[in-house]
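K.L.:
The C-terminal position of the sequence shown is numbered 1478 in this note's numbering, with every residue numbered one higher than the one before it.
Note that beta-carbon positions come from the ideal geometry of N, C-alpha and C, so glycine has one too.
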Amino acid sequence: MPTPSQTLQRPTHDEIAVAIHPIIAAEITIRSRVINGTEEKVLSVLDTVGLDVFGSRSCFFGDSEMVLIVVSDASPARQALEAAGFECQKIASVVAVPMPTADVKAAVLASLMNAGIGLLYCYSLCPASSDDCLILRTADDELALRVIEGGRWAQAA
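(1) Does the Cβ-Cβ distance between residue 1348 and residue 1389 come in under 9 Å?
(2) State the Cα-Cα distance for the pair residue 1469 and residue 1368, rounded to the nearest angstrom.
(3) Could I get the ranges of all uninterrupted alpha helix (DSSP H) runs contained in the segment 1393-1438, with 4 residues as the minimum, in chain order?
(4) Give the straight-line distance between the Cα atoms of residue 1432 and residue 1412, rounded to the nearest whole angstrom.
(5) Would a C-beta distance cut-off of 9 Å place residue 1481 and residue 1364 closer than the cut-off?
(6) By Cβ distance below 6 Å, which residues in the same chain neighbour residue 1378 in space, the five residues on each side in sequence not counted?
(7) Three or more C-beta pairs closer than 8 Å, one from the segment 1423-1437 and one from the segment 1392-1410: is that the case here?
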């Protein structure tokens, strides 16, 4: 089986090498009967805790609002959210990968496939304060981290 570095080309003179630093993060799903403003309130609560928030999304589901948020540490996030009256319905481990460009995202996904790592789902979040972040739910987060960290990534200069 080819290694990630064998599946990706080395940067040309029109490209620059990119270092990627993925981390294992927590994906928290919150359901609220309040229809408007839940996401903003959740972000406000987490801001007081001082956690890294990689991004969030909200949607309406029947008579409630669902908020999906990805944070650096589940325990203090859950404690703060539950103390503020929110119900954390699901907490999952995910790999958060800050991404500079779409071509690097494609290369990261290809390298995970080539390494035989099961990808349950992935999506992209774009927090207001930073670059786009690729969120990966994998069958083996530790192996995914090693593959991504060991890869050689290039983007257009």
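P.N.:
Well, looking at it:
(1) Against a cut-off of 9 Å, the Cβ pair of residue 1389 and residue 1348 comes out as a contact.
(2) Taking the straight line from one Cα to the other gives about 29 Å.
(3) Unbroken alpha helix (DSSP H) runs of no fewer than 4 residues, entirely contained in the segment 1393-1438, are found at 1395-1404, 1423-1435, following chain order.
(4) Those two C-alpha atoms are separated by around 26 Å.
(5) Because the chain spans 1322 through 1478 in this model, residue 1481 falls outside it and cannot be assessed.
(6) For residue 1378, same chain residues with a beta-carbon under 6 Å away, outside a window of 5 residues either side, are 1389 in chain order.
(7) At 8 Å Cβ cutoff, the stretches do not touch.
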